[in-house]
Amino acid sequence: MSEGLSFHFDVDGEDFTSAGQASVQVKKDLRRLGLDPETIRRVSIAMYEGEINMVIHAGGGHAEVRVEEDAIYIILEDKGPGIADIEQAMQAGFSTAPDTIRSLGFGAGMGLPNMKRYTDDMDIQSTVGVGTRITMRVDLPR
Amino acid sequence: MTVKEFAAQYGLTAVAMPDGERDITGAYIGDLLSWVMGRAGSGDAWVTIMSNQNIVAVATLADVACIILAEDVQPDEGVAALAQQKGINLLCCSRSAYEIALSLQNAL
Numbered sequence: 001m002s003e004g005l006s007f008h009f010d011v012d013g014e015d016f017t018s019a020g021q022a023s024v025q026v027k028k029d030l031r032r033l034g035l036d037p038e039t040i041r042r043v044s045i046a047m048y049e050g051e052i053n054m055v056i057h058a059g060g061g062h063a064e065v066r067v068e069e070d071a072i073y074i075i076l077e078d079k080g081p082g083i084a085d086i087e088q089a090m091q092a093g094f095s096t097a098p099d100t101i102r103s104l105g106f107g108a109g110m111g112l113p114n115m116k117r118y119t120d121d122m123d124i125q126s127t128v129g130v131g132t133r134i135t136m137r138v139d140l141p142r
Numbered sequence: 143m144t145v146k147e148f149a150a151q152y153g154l155t156a157v158a159m160p161d162g163e164r165d166i167t168g169a170y171i172g173d174l175l176s177w178v179m180g181r182a183g184s185g186d187a188w189v190t191i192m193s194n195q196n197i198v199a200v201a202t203l204a205d206v207a208c209i210i211l212a213e214d215v216q217p218d219e220g221v222a223a224l225a226q227q228k229g230i231n232l233l234c235c236s237r238s239a240y241e242i243a244l245s246l247q248n249a250l
């Protein structure tokens, strides 16, 4: 497997209905690298949740997926409003998404908990009024 | 049973069937997309009443065998074409999620 390979994506904040393009592309790219299906599933779901969050809350952002020897790193960065209380945001069911988003089947307060659930490590750095940077790590099976 | 066989045998309408030979190995019912994505299994038939474009991305990421829209729900404009393009089988049916689940129980 190639080491230190990375993929970059701009997440468009304008169009909620097309959200997911980056994650679907990552899924394809990882499949091409021959990674196992469960790892690909975990990475692409975690990334999709992050992508949706950036579209709903931050007007888009930037995503990077880095494939290293023993793990895959997903780094999501936005210049959105930031998260005031990360602990509260991490609670399943807590959501600040508007009703329009809820009617589309999102905004149930599952995004961040799902991201944590599907990764081996997740770190959130956020400053209100400045933006949010989330780093996730998915270990590759030995 | 394949998606194509299931649709034919139980009278579901295929609005997109780019991969009709895909085997259905299980079933999942749900409308909250984050919930579905986290819990639907690879190869499941996913029964929902959500009809917007995001269902195609969720189906792709969760790797389900097909999406089944219950209760006569029709896909939003452009969704059938998107499903076709992304290789996602999309079926429609007038029956309820419960009735579709019974058909899946019989078929699997």
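If you read the protein sequences in the order shown, they are chains D and Y. With the working numbering applied, the first sequence covers 1 to 142. With the working numbering applied, the second sequence covers 143 to 250. Glycine is no exception: its CB is placed at the ideal position from the N, C-alpha and C atoms. Remember, it's a predicted structure, so these values are computed and weren't measured experimentally.
- Within the same chain, E51, I52 and V55 come within 7 Å of A19 of chain D by CB-CB distance, once the 5 residues on both sides are set aside.
- According to the DSSP assignment, A169 of chain Y belongs to the beta strand (DSSP E) that extends over G168 to I171.
- When Cβ-Cβ separations below 8 Å define contact, S18 of chain D makes contact with chain Y.
- Among the CB atoms of chain Y, none fall inside 8 Å of the CB of V11 of chain D.
- Assigned with DSSP and collapsed to three states, E51 of chain D falls in helix.
- If you draw a straight line from the Cα of A222 of chain Y to the Cα of Y152 of chain Y, it comes to about 20 Å.
- Closer than 8 Å at the C-beta level to chain Y, one finds these residues of the region 89-112 of chain D: L104, G105, F106, A108, M110 and G111.
- Residue environment analysis places G172 of chain Y among the buried positions, since at least 16 neighbouring C-beta atoms fall within 10 angstroms of its C-beta.
- The beta-carbon distance between V189 of chain Y and I210 of chain Y, rounded to whole angstroms, is 5 Å. This is short enough to meet the 8 Å contact definition.
- The DSSP assignment places 175-181, 196-204 and 221-228 as complete runs of the alpha helix (DSSP H) inside the region 150-238 of chain Y, in order along the chain (cut-off: 4 residues).
- Contact between T132 of chain D and I72 of chain D is ruled out by a C-beta separation of about 20 Å, above the 8 Å threshold.
- With a cutoff of 8 Å on beta-carbon distance, T155 of chain Y and C208 of chain Y are scored as not near each other.
- In this structure, the straight-line span from the alpha carbon of D70 of chain D to that of G107 of chain D is close to 33 Å.
- Take P141 of chain D, set aside five residues on each side of it, and the residues of its chain with a beta-carbon closer than 7 Å to its own are D36 and T39, in chain order.
- Here DSSP, grouped into helix, strand and coil, assigns V130 of chain D to coil.
- Exposed is the label assigned to L33 of chain D, since fewer than 16 other Cβ atoms lie within 10 Å of its Cβ.
- At a C-beta separation below 8 Å, V24 of chain D has these neighbours in chain Y: A199, T202, L203 and K228.
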